[in-house]
Amino acid sequence: MIAFVNADIDIRKKPIFRNLNFSIQPGELVYIVGRSGSGKTTLLKSLYMEIKPVKGEIVVNGYSSRKIRKGKIAMLRRKLGIVFQDFRLLEDRNVYDNLAFVLKVTGTKHSLINEKVMTALKEVGLENTAKEMPQNLSGGEQQRVVIARALVGEPLAIIADEPTGNLDPETSLEILEYLKKINAKGISVIVGTHDYELVRHHPSRTLMIKEMNLVECTLEPAPADTCWRPVPKETAQRPTVAEVS
Amino acid sequence: MSLLYSIKEGFAGIGRAKLPASVTIATGFFSLLLLGLFGTVSFSFYQLIHEVRSRVELEVFLDDRISDLQADSLNARMQSIAGVAGTRFISRTEAASRFASDFGADVVGILGTNPLPRSVEVSVQQGYTAPDSIAHIEKQIAALGGGLDIRYNKEYLRGVERNARLFTLITAGVGGVIALATIILNAFTVRLAMYARRDKIKTMRLVGATRRFISAPFLFEGIIQGLVSGGLAALGLWLVFEQALLRYEPAIYQILHPSTTVIYPALVALGIALGFFGSAWSVARFLRKA
């Protein structure tokens, strides 16, 4: 579903990643961990093609970074739900309209929008806040709205960039519970975080950014984390490129 | 994406961002009103110059030795010269009666004979009123032969031309500056209003909205704002002319009034164009960055 094949990623000509080779299968919950500034956001941005590799290839849902046209990037993003640390809700419209916007973008029938929006809000326990403006909600509630917005378009994967970065520990755990619930339905969830405690609480496949690459890790409760091997090149399974742009 | 959605979102966008929308409309109103006032005055002066030019006539006096038949022939040939709008033959008798009405004296009664020559009044087509064109017509008439004496007010014509040229230079310069200022002011006001919404545009991109889906409502918003500012500027101009000028300066009103029928719709159209292109430019810039 997601594959990085010999991918080099630069930001303003500065190398961030070199020779990335890994894949994420449908239904996986994967943590991307690393220190602040290590490149977590850059890596996640490359999943929704905001950043493209300077060398190699990234394939997401059959869309290849090499061949994708600008117009098709929107189509790819419709199949991904993106969750941001700073929420990025449309503050000039209420919670309901924030979710409805995603469906209008995809041309969903007007008669289905209400049902889908309310179902998504119910999933995150916010069905009573539909008429609220985002800025009137707490940080945790806003992040749940963002998760509902990511869900409403029935995505194949959710990409969460520091989803708990602005939240207290208790609310952070709650948000991760929601993400795990979503993952249990077979939707891939990729979480970029530097909150190792959170990862230890809900262990799953973890990739740590080290020396411009990713290494598989187990974050033990012990003082030192164990990162036992770099992701070998041969584990990167290259899916069929269904979309020829 | 339906047209109805874009229009509804266009109106909703104004409702959601009342202050930026008000600033954009106010800027558009004042700049278009200024442009409208200047345009009306310039347009009226052009019409005035045109009117003065259209009154230019050549007077061709015929030699006494030319027969009436030859005179008719000359008259017909003058009519066929390029740039001549029409001719009018003035007989000796008509010349005498004109003299009597102009000077209040019967020339035949005083002198015992009519010394006034026959003549042809030649009026000129609109595009041939410049001094060079008239001189060319004069040459062609002279070439017809028959000792024709051609007269027209060259000094007056040169004066009109000189002033028209000066006026054109001034109006083109000032008008250009005002028009440019209007475009820049409006474009940057729209861009500033759009700048406040750059995060919104970015978020829309990230949830999978296409460029067209994002920009269409903003374009309608620009059109609506332009329509309102252009309409208000036209209304302001109407108040200046139809209320203030008509009441207090009816003479100036008479000169300027005919131009306003063109200026009113022009202001609305310009407002819409500024709103549309200003929004298109700004959204495109932010979409490129998003």
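Chains as they are written, first to last, in this note's numbering: chain A, 1 to 245; chain B, 246 to 535. A virtual CB, placed ideally from N, CA and C, is assigned to each residue, including glycine.
For M208 of chain A, report the span of its beta strand (DSSP E) as first-last. Element bounds for M208 of chain A: R205 to K210.
Tell me, please, whether the CB atom of A479 of chain B is closer than 8 Å to any CB atom in chain A? no
Three-state secondary structure (DSSP) at S23 of chain A? Correct three-state label for S23 of chain A: strand.
Between A:V146, A:V95 and A:E127, which lies nearest to I158 of chain A when the distance is taken from Cα to Cα? A:V146
Considering Cα atoms alone, identify which of A:R69, A:L47, A:G27 and A:K70 is closest to Q59 of chain A. Checking the sequence shown, residue 59 of chain A turns out to be Val, not Gln. Closest option to V59 of chain A, Cα to Cα, is A:L47.
Terminal residues of the beta strand (DSSP E) in which F463 of chain B lies: Counting along the chain, F463 of chain B falls outside any beta strand (DSSP E), though it belongs to the alpha helix (DSSP H) covering R456 to W483.
Anything in chain B within Cβ reach of A74 of chain A, meaning under 7 Å, just list it in chain order. Near A74 of chain A (Cβ distances below 7 Å), the residues of chain B are G453, A454 and T455.
Which word fits D394 of chain B, buried or exposed, when buried means at least 16 other C-beta atoms lie within 10 angstroms of its C-beta? exposed
Between which two residues does the alpha helix (DSSP H) holding R12 of chain A run? Here R12 of chain A belongs to no alpha helix (DSSP H), and DSSP marks it neither H nor E.
S474 of chain B to M75 of chain A, Cα distance in whole Å? 38 Å
Below 8 Å on the Cβ atoms is my contact criterion, and I expect Y509 of chain B with L482 of chain B to pass it. Report the Cβ-Cβ distance as a whole number of Å. 7 Å
Would you check if the distance between the CB atom of N6 of chain A and the CB atom of K67 of chain A is smaller than 8 Å? no
Taking DSSP's pairing of strands, which residues face R396 of chain B in a bridge? B:E304
Quick one: is K104 of chain A near chain B, going by C-beta distance under 8 Å? yes
Any chance you could list the beta strand (DSSP E) runs of at least 3 consecutive residues sitting entirely within the segment 107 to 167 of chain A, in chain order? 157 to 161
Let me see if you follow: with CB-CB separation under 8 Å, is R88 of chain A close to chain E or not? Included in the structure are the protein chains A and B, with no chain E among them.
So A340 of chain B packs on L307 of chain B, CB below 8 Å; how close in whole Å? Rounded, the Cβ-Cβ distance is 11 Å, inconsistent with contact.
Mapping DSSP to helix, strand and coil, what is F334 of chain B? strand
Note down, in chain order, every chain A residue with its Cβ under 7 Å from the Cβ of T448 of chain B. Below the 7 Å Cβ cutoff, chain A contributes R88 and L90 as neighbours of T448 of chain B, in chain order.
Could you give the DSSP three-state label for T374 of chain B: helix, strand or coil? When secondary structure is reduced to three states using DSSP, T374 of chain B falls in the coil class, being assigned neither helix nor strand.
Please say whether V452 of chain B and F84 of chain A have beta carbons closer to each other than 8 Å? no
Using DSSP's beta-bridge definition, name the partner residues of N213 of chain A. A:K210
May I ask you to list, following chain order, the residues of the segment 50 to 76 of chain A that have a beta carbon less than 9 Å from some beta carbon of chain B? E50, K70, G71, I73, A74, M75 and L76
Secondary structure at G260 of chain B, three-state DSSP: helix, strand or coil? helix
Please state the DSSP three-state secondary structure of S46 of chain A. helix
Buried or exposed for K13 of chain A, please, with buried defined as at least 16 other CB atoms from any protein chain shown within 10 angstroms of its CB. exposed
Using a C-beta cutoff of 8 Å, does I82 of chain A count as contacting chain B? yes
Using a Cβ-Cβ cut-off of 7 Å (strictly less than) and excluding sequence neighbours within five positions of Y440 of chain B, which residues of its own chain qualify? none
When we look at the beta-carbon of N408 of chain B and count the other beta-carbons within 10 Å, is it buried (16 or more) or exposed? exposed
Run through chain A and tell me which residues come within less than 8 Å of R261 of chain B, C-beta to C-beta. D92 and R93
What three-state label does DSSP hand F4 of chain A in the structure shown? strand
Under 7 Å from the C-beta of F458 of chain B: neighbouring residues of chain A: V105
If we call anything under 8 Å between Cβ atoms a contact, is L99 of chain A one with L121 of chain A? yes
Among B:R403, B:I259 and B:A432, nearest to G520 of chain B - alpha-carbon criterion: B:A432
Distance, R93 of chain A Cα to R261 of chain B Cα: 8 Å
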